[in-house]
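**Q**
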Amino acid sequence: MIKRVRPKVVLHSMNWPQFLQPGGKDSDEIVGGPQCCRSSYRDNCDYQRPKDIPALIKQLQADLTELTSLGIKVFVATLNPECKQFEPNHMLSGDDVGDIRPVYKSKFRQEHKELIDLVETAVAAANATLIDYADNYCWEDVCQVVDHYGRPIFKDSDHLTSTFVYRYLSVVDQVIDAAMAD
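Residue numbering for the sequence shown follows full-length UniProt numbering, starting at 1 and increasing by one per position.
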């Protein structure tokens with residue numbers, strides 16, 4: 001569909017760890033090609049093996065390369081810090097305020113290093129533009145879980161609130177600018 005419509009810009013944004021979390025073993029026999037895990041962490045993803053991840057990312061790179069070769073400006077959001085720490089339900093309990101300590105970007109990136117390296121290398125090789133939402137909610141290495149008014153910046157453990165996006169997520173402005181350019 002994208003190739004047929006040929007928009008000026010494509011933004012690829014997904015929750016990478018949710019869809020690339022192999023529950024199988026490399027020795028497992030899988031029928032068909034590699035698959036992404038089902039959304040919302042609904043199962044243990046035993047149909048995805050560790051060796052499937054590079055194959056899936058290689059296919060992503062080929063798809064992105066095809067789009068950029070058509071003159072489409074492609075933006076891809078990398079993995080950004082997310083976890084239960086950002087979950088608003090863990091912050092409030094009756095009259096008590098829960099744990100709102102910041103998350104460290106370096107720790108998140110180290111925990112997901114292999115996947116981050118695969119994704120970011122594929123994006124660069126496809127001549128796409130990498131964007132990082134954490135540029136707007138982390139200051140250097142510190143990622144606050146609430147804004148300066150004390151409001152959670154995530155609506156759950158892995159989705160930024162619309163208010164935060166509207167007010168602060170300026171990293172996506174380059175996507176809009178590219179779409180509006182002549």
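Glycine is no exception: its CB is placed at the ideal position from the N, C-alpha and C atoms.
(1) For alanine 124, which of helix, strand or coil comes out of DSSP?
(2) Can you find the residues in the same chain that come closer than 7 Å, C-beta to C-beta, to phenylalanine 19, ignoring five residues on each side of it along the sequence?
(3) Does the beta-carbon distance from glutamine 48 to proline 17 come in below 7 Å?
(4) Give the DSSP bridge partners of phenylalanine 86, in chain order.
(5) Between the Cα of asparagine 44 and those of Ala124, Gln59, Leu130, Lys25, spot the shortest distance and give me the residue it belongs to.
(6) Since I believe alanine 128 is in contact with valine 74 (beta carbons under 8 Å), could you give me their beta-carbon distance rounded to a whole number of angstroms?
(7) Taking glutamate 87 and serine 13 to be in contact with their CB atoms under 8 Å, please state how far apart those CB atoms are, rounded to whole angstroms.
(8) Among the candidates Ala181, Tyr149, Arg101, whose CA atom is the shortest distance from the CA of valine 142?
(9) Where do the ends of the beta strand (DSSP E) carrying leucine 79 lie?
(10) Pick out whichever of Asp135, Phe154, Pro50 has its Cα sitting closest to the Cα of residue 266.
(11) My assumption, with CB atoms under 8 Å, is that leucine 79 sits in contact with histidine 112. Please give the rounded CB distance.
(12) With DSSP collapsed to three states, give me the class of leucine 11.
(13) Between the Cα of serine 39 and those of Ala62, Asn15, Ala134, spot the shortest distance and give me the residue it belongs to.
**A** Working from what's here:
(1) Of the three classes helix, strand and coil, the one that applies to alanine 124 here is helix, per DSSP.
(2) Excluding residues within five positions, the ones whose Cβ falls inside 7 Å are Cys36, Cys37.
(3) no
(4) BP columns for phenylalanine 86 are empty, so no partner.
(5) Lys25
(6) 4 Å
(7) Between serine 13 and glutamate 87 the Cβ distance is about 20 Å, and since that is not below 8 Å, they are no contact.
(8) Arg101
(9) That residue, leucine 79, is in no beta strand (DSSP E); it is neither H nor E in DSSP.
(10) Within the shown structure, residues of the chain are numbered from 1 to 182, placing residue 266 beyond reach of any answer.
(11) 5 Å
(12) strand
(13) Asn15
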